[in-house]
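Report on the following structure.
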Amino acid sequence: MTRQFKRYLVKSGIEKDLHLHNLRHTAASDLVRNGVHLTKIQKFLGHSSVKVTEIYTHVLPEDLREVAEALTCAG
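Residue 1 is where the sequence shown starts when you use UniProt numbering, and the numbers rise one by one after that.
Given below as structure tokens:
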């Protein structure tokens with residue numbers, strides 16, 4: 001499966017060093033951004049604890065902008 005994934009990357013012209021495991025991080029981050037609760041994501045990814053799931057979720061600059069805008073509107 002890893003070889004197949006690498007072939008797809010090459011075929012797509014993607015030169016970045018990506019691995020199948022990166023898709024788990026992307027999925028977790030996208031699910032959080034779409035409002036899915038962490039415990040549901042934990043179960044979906046098969047993690048033993050929410051702490052492990054938190055490692056898989058990444059905050060992007062646009063996420064921080066959203067927080068800043070919420071603070072501006074609140075104040």
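In this text, a Cβ means the ideal position worked out from N, Cα and C, and glycines have one as well.
By the neighbour-count criterion, in which a residue is buried when 16 or more other Cβ atoms sit within 10 angstroms of its Cβ, Q4 is exposed.
If you draw a straight line from the Cα of Y8 to the Cα of L18, it is about 11 Å long.
Here H25 is near Y56, since their CB atoms are less than 8 Å apart. For A27 against T53, the beta-carbon gap comes to about 11 Å, at or over 8 Å, which does not count as contact. The straight-line gap separating the alpha-carbon atoms of K43 and K11 is approximately 33 Å.
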